[in-house]
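In what follows, a single structure is set out as structure tokens and then discussed.
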DNA sequence: GTCTATAGAGTGATAGAC
DNA sequence: GTCTATCACTCTATAGAC
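Residue numbers (our numbering), protein chains in the order written: chain S, 60 to 265; chain X, 60 to 265.
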């Protein structure tokens, strides 16, 4: 990717976040960049190509982040790992806020997103399994309970930012999102797990 | 509201659901109705006026439904009450799927929606309080736990349909949504509450 | 109330000079 | 690679006849 192409993608993300994906025209973007419309469409012939490039960059950053956090999912690590994930969601917030519109208009992106969500649910499910086997979390009391929990946690992570916006809240949502997630999990912790959690509480703000 | 105006609103909801709010033009709508564009804009001068009328109809139906279900929130009633609520969300699904786009473009609707969500959270919180006082649910073990739970349940109800769509699921989401909600609550039920829940399970499918 | 016709302001995308 | 100029099309909204 050339330097200009990279600048275009980065600026597009900023404008999409500010105004919403459908409300940013190629003209707006060219003006913001201080380049001509012709130049912009030289680099990205169609708006489709641009959104595809932006989505690819999101996926790349997401993968880089997931590699960096493949640590043992202890209680402390889970709490720490949520922050970069939520930061990523905020950096590309237009994608999550306008996700229905993007997925309707770009089926190829929709398919990749289905896959990502399925992976995310599996990943959360694996963390739950680990927490049970390491004695921090109780075994489930109903069949399917923890499959459902993994899906609910994934739903919360995906839509917390949307909800925050819909409710008219401003400012950072990280603390609220983490608090909400922990409040789901705390009743399911064992004594040992609850002790570990209190330790995390003391050392870092939840 | 005249007969034609009513027809316009109803057809608009159908098209918005099918194609997404931003993707339905006044022309599309006029053609679908078999009337001229001029006639359509005679009834609703601006697209803004149309979306306002659609939203008003959603609010009216929502209020009618809430009045009908103001029963004692027993475990069985809670389960039964979820169905008409989820059906309403599906009937106006475009509004929930495209909610960010609608709220960005129509601040007046955004404000009414903030209010509605706040009411919804308070209503869920009241049900939790009732359940605790009637001995079906345990008292909270951490301050703020049930405030957070009420918000999470509201988030789930609001976005379950979006998540269902994003994950590429088809068909009814009612059962999944109810199951997910109960899986959050079951660990917090008392023995008495769990008994009541099992009773519901036996009589109706959850 | 309903129609046809059109104004007026966008939009994505392209052609061709430099 | 970058520019200017423009095409071909879409949209909302309005004017005026019936």
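In this text, a Cβ means the ideal position worked out from N, Cα and C, and glycines have one as well. These numbers were taken from a predicted model, which means no experiment stands behind them.
Backbone secondary structure at residue i - three-state DSSP
i: residue 215 of chain S; result: helix
i: residue 130 of chain X; result: coil
i: residue 60 of chain X; result: coil
Beta-carbon spacing of residue i, residue j below 8 Å
i: residue 252 of chain S; j: residue 196 of chain S; result: yes
i: residue 96 of chain S; j: residue 85 of chain S; result: yes
i: residue 81 of chain X; j: residue 151 of chain X; result: no
i: residue 89 of chain S; j: residue 99 of chain S; result: yes
i: residue 130 of chain X; j: residue 138 of chain X; result: no
i: residue 113 of chain X; j: residue 83 of chain X; result: no
i: residue 168 of chain X; j: residue 256 of chain X; result: no
i: residue 160 of chain S; j: residue 160 of chain X; result: yes
Backbone CA spacing between residue i and residue j [nearest angstrom]
i: residue 226 of chain X; j: residue 63 of chain S; result: 34 Å
i: residue 102 of chain S; j: residue 146 of chain S; result: 29 Å
i: residue 142 of chain S; j: residue 166 of chain X; result: 31 Å
i: residue 115 of chain X; j: residue 61 of chain S; result: 50 Å
i: residue 185 of chain X; j: residue 217 of chain S; result: 27 Å
i: residue 183 of chain S; j: residue 171 of chain S; result: 19 Å
i: residue 254 of chain X; j: residue 124 of chain S; result: 45 Å
i: residue 249 of chain X; j: residue 192 of chain X; result: 11 Å
i: residue 107 of chain S; j: residue 157 of chain S; result: 15 Å
i: residue 178 of chain S; j: residue 237 of chain S; result: 20 Å
i: residue 127 of chain X; j: residue 234 of chain X; result: 22 Å
i: residue 105 of chain S; j: residue 119 of chain S; result: 22 Å
i: residue 261 of chain S; j: residue 132 of chain X; result: 38 Å
i: residue 187 of chain X; j: residue 181 of chain S; result: 31 Å
i: residue 91 of chain S; j: residue 164 of chain S; result: 24 Å
i: residue 155 of chain S; j: residue 109 of chain X; result: 27 Å
i: residue 224 of chain S; j: residue 194 of chain S; result: 37 Å
i: residue 117 of chain S; j: residue 65 of chain S; result: 13 Å
i: residue 203 of chain X; j: residue 203 of chain S; result: 27 Å
i: residue 87 of chain S; j: residue 76 of chain S; result: 13 Å
i: residue 201 of chain X; j: residue 173 of chain S; result: 35 Å
Residue i CB to nearest heavy atom of the ligand GTP below 7 Å
i: residue 207 of chain S; result: Summarising the ligand content, the structure contains no ligands, and the ligand GTP is consequently not present.
Anticipated Cβ contact below 8 Å, residue i with residue j, distance rounded
i: residue 149 of chain X; j: residue 214 of chain X; result: Rounded, the Cβ-Cβ distance is 17 Å, inconsistent with contact.
i: residue 239 of chain X; j: residue 210 of chain S; result: 7 Å
Nearest to residue i (by Cα), restricted to the options the options
i: residue 190 of chain S; options: S:244, S:235 and S:211; result: S:244
i: residue 78 of chain X; options: X:126, X:153, X:106 and X:100; result: X:153
i: residue 208 of chain S; options: S:192, S:246 and S:229; result: S:246
i: residue 259 of chain X; options: X:202, X:192, X:174 and X:140; result: X:140
i: residue 122 of chain S; options: S:232, S:175 and S:235; result: S:175
i: residue 242 of chain S; options: X:236, X:105 and X:206; result: X:206
i: residue 94 of chain S; options: S:70, S:229, S:117 and S:127; result: S:70
i: residue 222 of chain X; options: S:224, S:212 and S:223; result: S:212
i: residue 232 of chain S; options: S:203, S:144 and S:117; result: S:144
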